[in-house]
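Encoded as structure tokens, the structure appears first; notes follow it.
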Amino acid sequence: MLRVLSALCLAALLSAPGAQAMKLKDYHKEIMTNEQGKVECSACHGEAKRKSIPKMSACESCHGTAAEMAELTKRPEGAGHSVEPNPHDSLHYGSDLPCTYCHQEHKESKVYCNQCHEFKYPKMKR
Ligand code: HEC
Ligand code: HEC
Ligand code: HEC
Ligand code: HEC
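Residue numbers (mature numbering (1 follows the signal peptide of the UniProt record, and there is no 0)): -21 to -1, 1 to 105.
As structure tokens, this is what we get:
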């Protein structure tokens, strides 16, 4: 009985946020891992001891500004309703939405717009 309990405690400890390397997306894993095989949390979380949602500027330092992202995923001129709208430059929010409203890191990503819409965005890596 005691053994079962301590195994459970250990499992709980290991799954507590921050107690072990948090799972990263496949597309980030390699570049965020240093030569010692340790994940560089600071790439997104800076030097913060208690980790919370990263600042948008952390993402922008590698991916370019929100405006540049908007340009990258710009829809063809006159495409109208034949394509889903540019997620990085929307009618309501322009380019102001924090990246992490849609791109999550340690869990499945979800599109913020879909609280109200039903966009599919097949190209988005979740
Ligand atoms: C240290 C640099 C770096 C930081 C910081 C970083 N990324 Fe990345 N990210 C990359 C690289 C390199 C790739 C893989 C190449 C690519 O697809 O651009 C990537 C891939 C991605 C992809 C997948 C792109 C695709 O091909 O569909 C998304 C989405 C993404 N990053 C979002 C974010 C978000 C959101 C943040 C902030 C929380 C962030 N990244 C922080 C470097 C970075
Ligand atoms: C409203 C939701 C939303 C927000 C906010 C958002 N993205 Fe995206 N992002 C998407 C979707 C959806 C795609 C899929 C691409 C498409 O449909 O053109 C995507 C694609 C990407 C890609 C891959 C682009 C490509 O085609 O190579 C990167 C990199 C990326 N986003 C980074 C960011 C960064 C950095 C920010 C913040 C500056 C950000 N995103 C903000 C929804 C979002
Ligand atoms: C590529 C960027 C990136 C890296 C690298 C990264 N994180 Fe995160 N982290 C995020 C984002 C984005 C969130 C917001 C929640 C989410 O998307 O999962 C977050 C949230 C968190 C949270 C808060 C969880 C919550 O739900 O409140 C903790 C704790 C955390 N990260 C720990 C870590 C640790 C520890 C490392 C290093 C092993 C790390 N992160 C590396 C992007 C990153
Ligand atoms: C809080 C709810 C809500 C969110 C979140 C939201 N929208 Fe909307 N959106 C609406 C409403 C309401 C309308 C107006 C409906 C209409 O005119 O048919 C609308 C209209 C639109 C339209 C014009 C409708 C059309 O068919 O021409 C586009 C494009 C659009 N939204 C894109 C987005 C994108 C992209 C996002 C995410 C970045 C987003 N919306 C997030 C509620 C929302």
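Backbone N, C-alpha and C fix where the C-beta goes; we use that ideal spot for every residue, glycine too.
Of the listed residues the options, nearest to residue i (C-alpha basis)
i     : options                    : result
HIS71 : TYR91, MET35, PRO55, ARG29 : TYR91
MET35 : GLN15, PRO77, GLY73, ALA49 : PRO77
LEU3  : CYS41, HIS82, GLU97        : HIS82
GLU87 : GLU14, TYR100, LYS104      : LYS104
Residue i: first and last residue of the uninterrupted alpha helix (DSSP H) it sits in
i     : result
MET35 : 35 to 42
TYR6  : 5 to 8
LEU51 : 45 to 51
GLU23 : First, the residue type needs correcting, since residue 23 is Cys and not Glu in the sequence shown. Here the alpha helix (DSSP H) through CYS23 covers 21 to 24.
Cβ distance (whole Å) where residue i is taken to contact residue j below 8 Å
i     : j     : result
LEU32 : THR79 : As written in the sequence, residue 32 is Ile, which differs from the Leu given in the question. Confirmed, about 5 Å.
SER74 : ALA45 : 4 Å
Problem set entry | Pocket of ligand 4 defined by Cβ to heavy atom distance under 5 Å | Qualifying residues come out as PRO64, SER69, LEU70, CYS92, GLN94, CYS95.
Exercise. Taking any heavy atom of ligand 1 as the mark, which residues have a C-beta closer than 5 Å to it, listed down the chain?
Worked result: TYR6, ILE10, ALA22, CYS23, PRO33, CYS38, CYS41, CYS78, HIS82, LYS104
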